[in-house]
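Peer 1:
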Amino acid sequence: MEEIRLEANGNIGPIDSSRIPRFAGAATFARLPRLDQLKEASIKVVGVPFDAGVSYRPGARFGASHVREASRLLRPYNPALDVSPFELVQVADAGDMAVNPFNINEAIETVQQNALDLTADGSSLVTLGGDHTIALPLLRAAAERAGEPVALLHFDAHLDTWDTYFGAEYTHGTPFRRAVEEGILDTEAISHVGTRGPLYGKKDLEDDKRFGFGIVTSADVYYQGVAEIVAKLRDRIGNRPLYVSVDIDVLDPAHAPGTGTPEAGGITSRELLEILRGLRGMNLVGADVVEVAPAYDHAELTGVAASHVAYDLVTLMADLRSSRIGAEASLAGQRKDA
Ligand SMILES: N=C(N)NCCCC(=O)O
Ligand SMILES: [Zn+2]
Ligand SMILES: [Zn+2]
C-alpha cells in the first residue's frame, strides 16, 4: 500500500499516523523511511541483531526489531527540547547489519566496517543493539571518524570494564576495557552513569579508576539529582567528540525488565531522559542503545523506554546538526556583508 509521509524542508519524515494507522505496515524506527528509499540521510538508525557476547540471559539479538515495533507511537515533535528532529535533517532507518552469530571476532569486524561505511558521508549513527559487545567496534569507527579518541558517557548498571569471561576477551562485560587498551577513548573524559549492584571484588573498581573512568552511581543520581549531575558531566567532557552508550539495564528492572543482566536499584526512565536532554549542544558523534532482550519484556516496557531514549538521542543529533548549519549560514552571511 502507498506510504503517506510527513515532509518538511525537503526532508522525508515518518509515515503520517493521522492517515495511516500507526499499527499498520512493517516497522521502521519511528516509522521513518528506510535508507534505501532515500538518496542520503544525515542521521541513520541501524540495528545490530547480535547477542553472542552475553554472560547470562540471551535474546538481545531481537532487541532492534523490538525497539522498532515499540517506536510506532513516537510522534514527530519533541516538546522537551522544542525540536522536530525529522524536519531539521533527514533521518532514516538503515536496517540491520548482517553479523555472524557464530563468530564474535568476525561480527565485531562487520560492525566496525558497516559503521564506517554508513558514516563515510559524514552522517551520524544511532545503533540499536544487540548486546554491549558491539560498543567496541562502534567506538573504533567513531574514533576513526572523529580523527581522535572520543569522550564516552556510558549509561549502565555495569562497569563493562572487566577483563575476560571464560578466557574470552570480546564479550558484553569487557568492551570498555578493550576500548581503553586500544587508545580509542579520551581517558580525561569517560564516565559511567547509573552503576550499581554486586561486583566480583573491590579490584573491579580499582581497575576501572585506573583506566580513567569517573562513576556516577545510581544512588548518586538519587541523592544529587539530575541537574547537578548534568553540570558535572558537561564540565568534564566539554566540547570533545562524545559517544553515548546506553545499556538499557541502567534503568531499574521496573522500567526495563526486558534485559539480560538486570540489577535492582536502577534509575528511572524519567531520570535517564532528563540527563540525556541535559547534553543538548554537546559534540555528540555517535550513540547506541543496547541490551534490550524482548523475551523478558512485559507490556513492551523496555521497548518503549529504549525507543524514547533513541528518539532523544536522534533529537540531540538533529538539533546539533541544524544549529551548526545555522551557524555556518550566518558566518557565510557575515563574510558576504564584509
Ligand atoms: N553489559 C551487560 N549488560 N552486562 C555485563 C554483565 C557482565 C557479567 O555477567 O558480569
Ligand atoms: Zn549492563
Ligand atoms: Zn553493558
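Counting in the numbering used here, the sequence shown tops out at residue 1660, every number present. Backbone N, C-alpha and C fix where the C-beta goes; we use that ideal spot for every residue, glycine too. As the structure is a prediction and not an experimental result, all values here were calculated from the model.
1) Assuming Pro1423 and Phe1372 make a contact with CB atoms under 8 angstroms, what is their CB distance in whole Å?
2) Under the rule that 16 or more other beta-carbon atoms within 10 Å means buried, what is His1514, buried or exposed?
3) Leu1521 by DSSP, collapsed to three states: which one?
4) Pick out whichever of Arg1353, Ala1374 and Gly1608 has its Cα sitting closest to the Cα of Ile1430.
5) Suppose the cutoff is 7 angstroms on Cβ atoms and the five residues either side in sequence are ignored; what does the same chain contact list for Glu1585 look like?
6) Among Ile1597, Val1607, Asp1610 and Ala1617, which residue has its Cα nearest to the Cα of Ala1578?
7) Compute every distance between the C-beta of Asp1482 and the non-hydrogen atoms of ligand 1, then say whether any falls below 7 angstroms.
8) Let me know the secondary structure DSSP gives Asp1418 once reduced to three states.
9) In its own chain, which residues sit with a C-beta less than 8 angstroms from the C-beta of Asn1400, not counting the 5 before and 5 after it?
10) Is there contact here, the stretch 1505-1512 with the stretch 1593-1604, by at least three beta-carbon pairs under 8 angstroms?
11) In three-state terms, what does DSSP make of Leu1573?
12) So, is Ala1627 buried or exposed, given that buried needs 16 or more other C-beta atoms within 10 angstroms?
13) Need the endpoints of the beta strand (DSSP E) that Thr1449 sits in, please.
14) Quick check: what's the CA-CA separation for Gly1648 versus Gly1332?
15) In this structure, what does DSSP give as the bridge partners for Ser1652?
16) With hydrogens ignored, establish whether the beta-carbon of Glu1596 is closer than 7 angstroms to any heavy atom of ligand 3.
17) Taking only heavy atoms of ligand 1 into account, decide whether any of them is closer than 7 angstroms to the Cβ of Tyr1378.
18) Nearest-angstrom Cα distance between Leu1606 and Leu1642?
19) If distances are taken between C-alpha atoms only, which option among Thr1483, Asp1415 and Ser1393 comes closest to Ser1629?
Peer 2: The short version:
1) 7 angstroms
2) buried
3) Three-state result, Leu1521: coil.
4) Ala1374
5) Ala1479, Arg1518, Gly1519 and Asp1571
6) Comparing Cα positions, the closest option is Ala1617.
7) Flag set: Cβ of Asp1482 near ligand 1.
8) strand
9) Ser1406, Pro1407, Tyr1633, Asp1634 and Thr1637
10) no
11) Reduced to three states, the DSSP call for Leu1573 is strand.
12) buried
13) Membership of Thr1449 in the beta strand (DSSP E) is indicated by the continuous run Ser1446 to Leu1450.
14) Between Gly1648 and Gly1332, the C-alpha separation is close to 16 angstroms.
15) Beta-bridge pairing links Ser1652 to no other residue.
16) no
17) yes
18) 8 angstroms
19) Ser1393
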